[in-house]
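Residue numbers (UniProt numbering), protein chains in the order written: chain A, 1 to 342; chain B, 1 to 342; chain C, 1 to 342; chain D, 1 to 342.
The beta-carbon is built from N, C-alpha and C at its ideal position, and this holds for glycine as well.
Structure first, commentary second.
Protein chains: 4
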Amino acid sequence: MTYKIAILGASGYTGAELVRLIANHPNMEVAALSGNSKAGMTMAQVFPHLRHLDLPVLTTIDDMNFDGIDLAFCALPHKTSQEVIAKLPTDLKIVDLSADFRLRDVAAYEKWYGNPHAAPELQKEAVYGLTEFYRDDIKSARLVAGTGCNAATGQYALRPLIAAGVIDLDEIILDLACAVSGAGRSLKENLLHAELSEGAHAYAVGGTHRHLGEFDQEFSALAGRPVEVQFTPHLIPANRGILATVYVKGDAQVIHNTLQSSYLGEPFVEVLPMGEHPSIRHIRGSNFCHVGVVADRRKDRAIVVAALDNLTKGSSGQALQNANLMLGEDETTGLMMAPVFP
Amino acid sequence: MTYKIAILGASGYTGAELVRLIANHPNMEVAALSGNSKAGMTMAQVFPHLRHLDLPVLTTIDDMNFDGIDLAFCALPHKTSQEVIAKLPTDLKIVDLSADFRLRDVAAYEKWYGNPHAAPELQKEAVYGLTEFYRDDIKSARLVAGTGCNAATGQYALRPLIAAGVIDLDEIILDLACAVSGAGRSLKENLLHAELSEGAHAYAVGGTHRHLGEFDQEFSALAGRPVEVQFTPHLIPANRGILATVYVKGDAQVIHNTLQSSYLGEPFVEVLPMGEHPSIRHIRGSNFCHVGVVADRRKDRAIVVAALDNLTKGSSGQALQNANLMLGEDETTGLMMAPVFP
Amino acid sequence: MTYKIAILGASGYTGAELVRLIANHPNMEVAALSGNSKAGMTMAQVFPHLRHLDLPVLTTIDDMNFDGIDLAFCALPHKTSQEVIAKLPTDLKIVDLSADFRLRDVAAYEKWYGNPHAAPELQKEAVYGLTEFYRDDIKSARLVAGTGCNAATGQYALRPLIAAGVIDLDEIILDLACAVSGAGRSLKENLLHAELSEGAHAYAVGGTHRHLGEFDQEFSALAGRPVEVQFTPHLIPANRGILATVYVKGDAQVIHNTLQSSYLGEPFVEVLPMGEHPSIRHIRGSNFCHVGVVADRRKDRAIVVAALDNLTKGSSGQALQNANLMLGEDETTGLMMAPVFP
Amino acid sequence: MTYKIAILGASGYTGAELVRLIANHPNMEVAALSGNSKAGMTMAQVFPHLRHLDLPVLTTIDDMNFDGIDLAFCALPHKTSQEVIAKLPTDLKIVDLSADFRLRDVAAYEKWYGNPHAAPELQKEAVYGLTEFYRDDIKSARLVAGTGCNAATGQYALRPLIAAGVIDLDEIILDLACAVSGAGRSLKENLLHAELSEGAHAYAVGGTHRHLGEFDQEFSALAGRPVEVQFTPHLIPANRGILATVYVKGDAQVIHNTLQSSYLGEPFVEVLPMGEHPSIRHIRGSNFCHVGVVADRRKDRAIVVAALDNLTKGSSGQALQNANLMLGEDETTGLMMAPVFP
């Protein structure tokens, strides 16, 4: 059978990435597309790279007809998403790509996002969408919250280590190099080519990045005690990809063994041989995450490096992976395309 | 059924691109890989982005076993290719990605490549691999010669116009912006990031580029008289893509109509609405070619702009498209993935 | 003596480039800076790369005091510039970097810019600022109009050839590769890193680019008859530089000789040996223009390639060169810094 | 007076950068250039961006005449440099840009570089060239060893803090983003544009990078006890610049005060206001180093970020700064040019 899919907010990068991926999915069909500011336009006008596809014209959300829609992806801005989703049919399966349902705690949400949540009951219902770790919950979920792309990268490096208790929980430093598409298609001076190209800078330094809310929630739950990491993202002149260099205290070989056994059989997470570490150029455009471990010269210190594509495994690919589970499809359907290199 | 595929010269960019594409093909399987200088290595070592695939180890060509192989792609360097192919089983279907069998004329080959051809009888047998224009010949061919990537781009812009006689044959100028992967993985100073990034320069200026041999052969055959174009390629700081800006004399509307009717129904060639023109960022990683026409302010002059991905539609995607035809598969199988943007 | 300099519109790229250059000038001092939308801010806040300089705070133009100012650079947007300059002290020396005073003809201005000129008498007074060709007029001018950056590049390739009558005036094609800083610091979707990087596209195709007004004016004046060129600019993923590939009909050796003798003794225009051609990476950040000539394989056709940095020789460097002349300084003062490579 | 300068190894990036800087120096003249593999060529052939300069032809080192030379810069490969310098006139002032004389200890040199030192007595004589901290020794030195570019960046962030005892010496992590020109003009696969662009990866992970030898030497000497830092460099797709993100334990305000008072009056080191941090795009092509401090959300943890241009402040600019001191010139002569942005 062919599932009918709606995409809300199809005029942004994650929306376009969803269309790209679904076009390669044998059992899904894009049945409705919204993009409020571009309603009435074709996708070919908004994203000429999708010109060859036969796609519905963009509408407003209000004009969308959800009859017969099997699942909706919401690729709307933060805060807008919760308001829109609260009004959608209550039996519609939804994968939300915004930040609105990532945090389970009302107070934590308000702390990191600065406003009270508009749909706290949905916040409770939502399942955190890091597929490899919430697979069973996702299968039966109606509403899945896509993770932050930085948050996903860091968790692939760290979750098994925290769960297994093989690293010092008080001494975790995540240093990330992030490509620019993670910031979306918004018109900001620091995203201009002339500003960013030949540049590199840290942002949200010192513990102010909202994805810390996810790290705190997930790592503390895993550890059974509060865990606070240090996290410094950097913007680099590349379009896709996040490279997380994670400094931990623990035995490198034990760490490698732990990761390897945790990800054994996982279709999308590749643990590299001991001592090797990944590059973002090797996961571009794909749903794969590469993880490597290197021992430091200092005893009981290790560096874990994880790489994924922020638009694919970090958001739209993860969303499709979750949608597959929610619809009873094989988790990997439409997602096994190899990375594009060079 | 699943066809068994061999790739000779799998350690270069076009070889890796073939593996990427075939991994997405439901009826093909990579059964043998050669890479003389990297024999004994796994593809994951040579191309870590293919790490998730279950692939044969690289061997030397001599060690390759062609029993049961349905088709071989040769992604070897120019001149090496003709020597190798001459020794392959004579009933093996072959798609050659080198320049060795693009020119039908022995003298033309020697003029452009500087050496006598080592397999002139095969040179005669080979079918020129620009699929849309040699489709029937390719279906029944044993040996297909992949076109040059620049040559392909220019021909998509010009062939229908020359065939229809709607442009001045003596006043054709092709100005190309070419991404760097077209130069392959060879270690040359001008291909270093520090040299190329923030740079742009013309090369093979004045009519010395070897792809002119293809333009001369094909355009003259189409016109039934000698046609010599001017052709200036430029290297730009991008990894994939060729943008051909073609200056012609003729009526822009007639030109657009001619292109539109020629490519009607073609799965991979998209003619844009009159007055629009393409960008390489919208065909990246895909087998699509976008073509646009704009009228110049000067009467009876038009600009035709064509864009394709040199590694896909310009070489490995084209090769797979041809292989599909040679094996009786649907031409588009494994090739309909949407471009990767951004 | 030290000249006191004012810069109006210092918060854009050409304004910042002027500050960079003047900081290296032994006899000039930045005495006043305006930036209406950033009034009250320091330059270090707007352009952190100028942090080490002791500069005046940005003011509004209305708050600027022109007493004691020897010369003002106007780096304001088109149309705003003419309105502002019309109200400046009538004895103030001015170098305007906008498009407002490039065209001498009132009707031509209105044709290309779509509005009647607000200061037609100043339009008549202004001297066209292509230093090498208007040197004497510039020395005695009060108001100099900086040329378009594309217009400058094309003219360095063509003016001597048109003046000498060594090329066919009806068959000139200018194909340009332009870096992104030429579009300024404005927030446009197609200037985002994620859109432009790994991209390349033509713009203003077909003869709609406003710099054609300059080409028409200057080339027709030189030839003593109307000359209309074809001109297609392309945006490439680089920050600085314009590469003009110019297709002309004429004898390549005569063309090279003509350029060489025309630019003999010019401090900033370098004619390369016959058959060589330039790259934008070799003029980055400098006031130099490199010009090369290559013969095409077709008789009596040649390719002239010119390269310059759009922000330096194409605008702010040219402006300073002109200011030097207007103030009686040596033309090269503060401008001999070598290009930055890599 | 004009000092006569020789540059040995002028065909690499640091050699070219020296020529660029000296061209802007009022009291220095490039009198001799060597480049063994390019002997007989002009600099315009090797580095077309220097085409406008009147420079000596490249010779072999053996053919160089040191009569009348006031100072030589050695921009030779590691290991070659010590062999060449050992044979130079013993009264010649020398600034070496290689790694050969950075380590004072014979055993440390052998440990990090894998071979016994060929000129151990010179190793003892050499002064470490981090100008701001060895100024007096450099003034009277005959042989100055330029620091590693990564080593310089890290030291600007850390030396004052270690000297003042305001951070935990056992918990220092340096995470660096390094532009590609630091790897020189050598032909390596991972330096190709097609490999590096759109990529990012760590290298020398786990404490194997040779610049650690410098960190160990300098930080231990400052602290009066062994100090071992963790250091992970990353290669990013940019040409110039190093961004060091340094994780330390200590009070952020104290750290900021310490840096600010240490660099008070330094012409090239700019400490940003508390809470701000630098970008490599704001120091490109200049001799400036920007340093910022941000408090982490976790008590007594801070992030210090330092940025400099690896080819200028990180090597050739530093070298010229030292040469100025050695010749009795003002330290800043020829080095005050503003960064090139965008």
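- Task: Anything in chain A within Cβ reach of B:F73, meaning under 9 Å, just list it in chain order.
- Result: The premise fails here: B:F73 is roughly 16 Å from chain A at the closest Cβ pair, so nothing lies under 9 Å.
For this session: Report the neighbours of A:S279 on chain D: residues whose CB is nearer than 7 Å to its CB, in chain order.
Result: Residues of chain D passing the Cβ test: G199, A200, H201.
Who are the Cβ neighbours of B:L92 in its own chain at under 7 Å, not counting the five residues just before and after it? F66, I69, A72
>> Would C:N287 pass as an interface residue toward chain B - the criterion being a Cβ-Cβ separation below 8 Å?
In response: No, C:N287 does not count as interfacial toward chain B.
How far does the alpha helix (DSSP H) with B:G317 in it extend, from its first residue to its last?
317-326
- By Cβ distance below 6 Å, which residues in the same chain neighbour D:F219 in space, the five residues on each side in sequence not counted? I162, V227
Original post:
Is C:A39 close to chain B, meaning its C-beta is less than 8 Å from at least one C-beta of that chain?
Top reply: No, no contact with chain B.
- Item | Proximity winner among A:S37, A:V19, A:N36, A:A319, relative to A:E29 (alpha-carbon distances) | A:V19
Quick one: list the residues of chain B neighbouring D:G181, beta-carbon separation under 8 Å, in chain order. The identity of residue 181 of chain D in the sequence shown is Ser, whereas the question assumes Gly. Within chain B, the C-beta atoms nearer than 8 Å to that of D:S181 come from A194, in chain order.
Chain-order list of residues whose beta-carbon lies under 7 Å from that of C:G12 (same chain, five-residue window excluded): So the list reads A75, G184, R185, once near-sequence residues are dropped.
Query raised in the report: Whose Cβ in chain B lies nearer than 7 Å to the Cβ of A:N239?
Result: Those within 7 Å of A:N239 in chain B are P342.
Q) Going along the chain, which residues of its own chain have a beta-carbon closer than 6 Å to the beta-carbon of D:P56, five neighbours each way excluded? A) A32, L33
Taking DSSP as the reference, what is the three-state secondary structure of C:H245? Note that residue 245 of chain C is Thr in the sequence shown here, rather than His. In the three-state reduction of the DSSP assignment, C:T245 falls in the strand class, which pools E and B.
Within the 8 Å Cβ cut-off, does A:E189 reach chain C? yes
As assigned by DSSP and simplified to three states, the class of A:D305: Looking at the sequence provided, one finds Val at residue 305 of chain A rather than Asp. A:V305: strand per DSSP, three-state reduction.
Given a cut-off of 8 Å on the beta-carbon distance, is the pair B:L143 and B:I61 in contact? no
| said: Against chain B, does D:R284 count as a neighbour if the rule is that its beta carbon must be under 8 Å from one of theirs? | reply: no
Under 8 Å, do D:I244 and D:A306 count as touching if we go by C-beta distance? A small correction: the amino acid at residue 244 of chain D is Ala; Ile does not occupy that position in the sequence shown. Contact flag set, yes.
Practice item. Leaving aside the five residues before and after D:A16 along the sequence, list all residues of the same chain whose C-beta is less than 6 Å from its C-beta, in chain order. Key: F47
- Query: Between the stretch 317-328 of chain B and the stretch 292-300 of chain B, do three or more beta carbon pairs fall short of 8 Å?
  - Reply: no
Note to self: Counting only Cβ pairs nearer than 7 Å, list the residues of chain B close to A:P339.
What the structure shows: Within chain B, the residues near A:P339 are H49.
is_contact[B:R225, chain A] using C-beta, thresh 8 Å = No, its Cβ sits nowhere closer than 8 Å to a Cβ of chain A.
- If A:G241 and A:I283 are in contact, beta carbons under 8 Å, what's the gap, nearest whole angstrom? 7 Å
Which residues of chain B have a Cβ atom closer than 8 Å to the Cβ of C:A107, listed in chain order? Going along chain B, no residue has its Cβ under 8 Å from C:A107, so there is no contact; the nearest lies around 17 Å.
Compare the C-beta of B:R297 with all C-beta atoms of chain D and state if any pair is closer than 8 Å.
-> no
- prompt: What residues in its chain sit with their C-beta under 6 Å from that of C:P267, if we drop five residues either side in the sequence?
  reply: Within its own chain, the residues whose Cβ lies closer than 6 Å to the Cβ of C:P267, once the five positions on either side in sequence are excluded, are T332, listed in chain order.
Exercise. What does A:S279 pair with, by DSSP beta-bridge criteria?
Worked result: D:H201
B:P233 and B:C178 closer than 8 Å at C-beta:
yes
Give the list of continuous beta strand (DSSP E) stretches no shorter than 3 residues that lie fully inside the stretch 122-153 of chain B. 143-145
| query | Along the chain, where does the alpha helix (DSSP H) that runs through C:K111 open and close? | reply | 106-113
(request) Starting from the beta carbon of B:R102, find every residue of chain D whose beta carbon is closer than 7 Å, and list them in chain order. (result) Those within 7 Å of B:R102 in chain D number zero; the least Cβ separation is about 23 Å.
(request) Apply the 10 Å Cβ neighbour rule to B:T90 and answer buried if 16 or more other Cβ atoms are within range, or exposed otherwise. (result) exposed
Q: Give the residues of chain B in contact with A:E214, contact being defined as C-beta atoms less than 7 Å apart.
A: Within 7 Å Cβ-Cβ: nothing; A:E214 doesn't reach chain B, min ~24 Å.
Notebook entry, point to check: With contact counted as at least three CB pairs below 8 Å, one residue from each stretch, are the stretch 93-104 of chain C and the stretch 126-146 of chain C in contact?
Noted result: yes
query = How long is the line joining the alpha carbons of A:T153 and A:K313, rounded to whole angstroms?
reply = Computed Cα separation, rounded: 9 Å.
*May I ask you to report which of helix, strand or coil DSSP gives A:H52?*
coil
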